[in-house]
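Using the working numbering, the first residue of the sequence shown is number 546, and each one after it goes up by one.
Yeah, the Cβ is synthetic: ideal placement off N, Cα and C, and Gly gets one too.
Let me begin by presenting the structure, written as structure tokens, before commenting on it.
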Amino acid sequence: MGSDERARLWRHPGLPDVDLLRARYVRKTFVRHTHESFVIAGITKGVEAFHHHGTIERAGPGAVALINPDTAHTGHAGVPEGWTYSVLYPGADIVASVAAETTAIRGTAGFAVAVAEDPYAVHLVTQVLRATDQANALAADTMMRLAIARLLRAHGGTLPQRTPLTAGARSAERARQILEARLTDPPPLAELAAELGTSPFALLRGFRDLYGMPPHAWLTDARVRRARRLLDGGTAPAAVAIAVGFTDQPHLNRHFTRIVGVPPGAYRRERKNVQDGAEGAA
Numbered sequence: 546m547g548s549d550e551r552a553r554l555w556r557h558p559g560l561p562d563v564d565l566l567r568a569r570y571v572r573k574t575f576v577r578h579t580h581e582s583f584v585i586a587g588i589t590k591g592v593e594a595f596h597h598h599g600t601i602e603r604a605g606p607g608a609v610a611l612i613n614p615d616t617a618h619t620g621h622a623g624v625p626e627g628w629t630y631s632v633l634y635p636g637a638d639i640v641a642s643v644a645a646e647t648t649a650i651r652g653t654a655g656f657a658v659a660v661a662e663d664p665y666a667v668h669l670v671t672q673v674l675r676a677t678d679q680a681n682a683l684a685a686d687t688m689m690r691l692a693i694a695r696l697l698r699a700h701g702g703t704l705p706q707r708t709p710l711t712a713g714a715r716s717a718e719r720a721r722q723i724l725e726a727r728l729t730d731p732p733p734l735a736e737l738a739a740e741l742g743t744s745p746f747a748l749l750r751g752f753r754d755l756y757g758m759p760p761h762a763w764l765t766d767a768r769v770r771r772a773r774r775l776l777d778g779g780t781a782p783a784a785v786a787i788a789v790g791f792t793d794q795p796h797l798n799r800h801f802t803r804i805v806g807v808p809p810g811a812y813r814r815e816r817k818n819v820q821d822g823a824e825g826a827a
């Protein structure tokens, strides 16, 4: 990361299962990836641009970028000076509970837009991070829930129910299951397609349509997700790299940073700090 770039991804014991990110990126490029959580990113300076559902979205100062779970997207600077933002990654359970208490949304709640112009929501998001800096869990939790409620009321809706799978989508789903089971030794595309009784390009089209990215990109994303879980548990990055199918730690570092935004070593240190803090408070 360049000297003009900085990023911190952390958790606070008072906000369990919520990742927090404060960053300034200039040359940073996030490859296509997904999150298991929601993404609520308040832009304070510059512009972030990102591919989302086939279009390029742009979020500038006073705007909030909103990504639903398991939605493929990218991220890069929309202007030469890059962008600065504060980000919340609340789990689906938190968003569902806020929606049930504060909105009339029925079904699975989510966001209907990718970018919302809402300077006050940006203020709330930045206040969440500031409150964790001050070890004020009550304020952090309050501001987070206020921000989620505000954004859901203005831009929320029911996420589409899963439609019956076509033959191509069924093959793609089975391919995903095979790749998940063979994370460290995935088969070539032709072999995978033959195992599923389809052709390579038909599988490629079906997989991209269902998951928003080709199988090899999905595999990298899945490896990084598993790497995060192992790092959460205290496993050293070098061991994590081999466990999830990367050739070595530099290979892990490169892909992890391009998806998560910080290197695995920094990620693990922050997780350890949370665990140590929780143990000290017990």
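When you compare only the Cα positions, how much space is there between residue i and residue j?
i: Ala827; j: Val576; result: Here the model assigns Ala827 a pLDDT of 46, short of 50, so the residue's position is not dependable, and the following value carries that caveat. C-alpha separation (whole angstroms): 39 Å.
i: His578; j: Leu764; result: 10 Å
i: Ile585; j: Ala649; result: 21 Å
i: Arg707; j: Leu611; result: 21 Å
i: Glu581; j: Arg768; result: 13 Å
i: Ala676; j: Ala694; result: 18 Å
i: Pro606; j: Asp766; result: 29 Å
i: Leu697; j: Pro558; result: 25 Å
i: Phe752; j: His668; result: 39 Å
i: Tyr570; j: Asp549; result: 8 Å
i: Gly620; j: Ser744; result: 32 Å
Tell me which residue opens and which closes the alpha helix (DSSP H) that residue i is part of.
i: Val584; result: Not the alpha helix (DSSP H): Val584 falls in the beta strand (DSSP E), residues Val584 to Gly591.
i: Ile787; result: Pro782 to Val789
DSSP three-state label for residue i, please.
i: Phe656; result: strand
i: Ala827; result: Interpretation of Ala827 is limited by its pLDDT of 46, a score under 50 that renders its predicted location unreliable; no figure is taken from the coordinates.
i: Val520; result: Only positions 546 to 827 of the chain appear in the structure, and residue 520 is not among them; the question remains open.
i: Ala692; result: helix
i: Ile723; result: helix
i: Thr802; result: helix
i: Leu560; result: coil
Does the Cβ of residue i have 16 or more other Cβ atoms within 10 Å, making it buried, or fewer, making it exposed?
i: Ala738; result: buried
i: Pro635; result: buried
i: His761; result: exposed
i: Arg813; result: buried
i: His597; result: buried
i: Ala572; result: Here residue 572 turns out to be Arg, not Ala, going by the sequence shown. Counting Cβ neighbours within 10 Å, Arg572 comes out exposed, since fewer than 16 surround it.
i: Gln672; result: buried
i: Asp663; result: buried
i: Thr616; result: buried
The beta strand (DSSP E) with residue i in it runs from where to where?
i: Ala568; result: Asp564 to Tyr570
Do the stretch 559-567 and the stretch 683-690 touch if we need at least three Cβ pairs shorter than 8 Å?
-> yes
When the Cβ atoms of the stretch 742-760 are set against those of the stretch 775-791, are three or more pairs found closer than 8 Å?
-> no
Can you find at least 3 beta carbon pairs, one from the stretch 587-596 and one from the stretch 621-631, that sit closer than 8 Å?
-> yes
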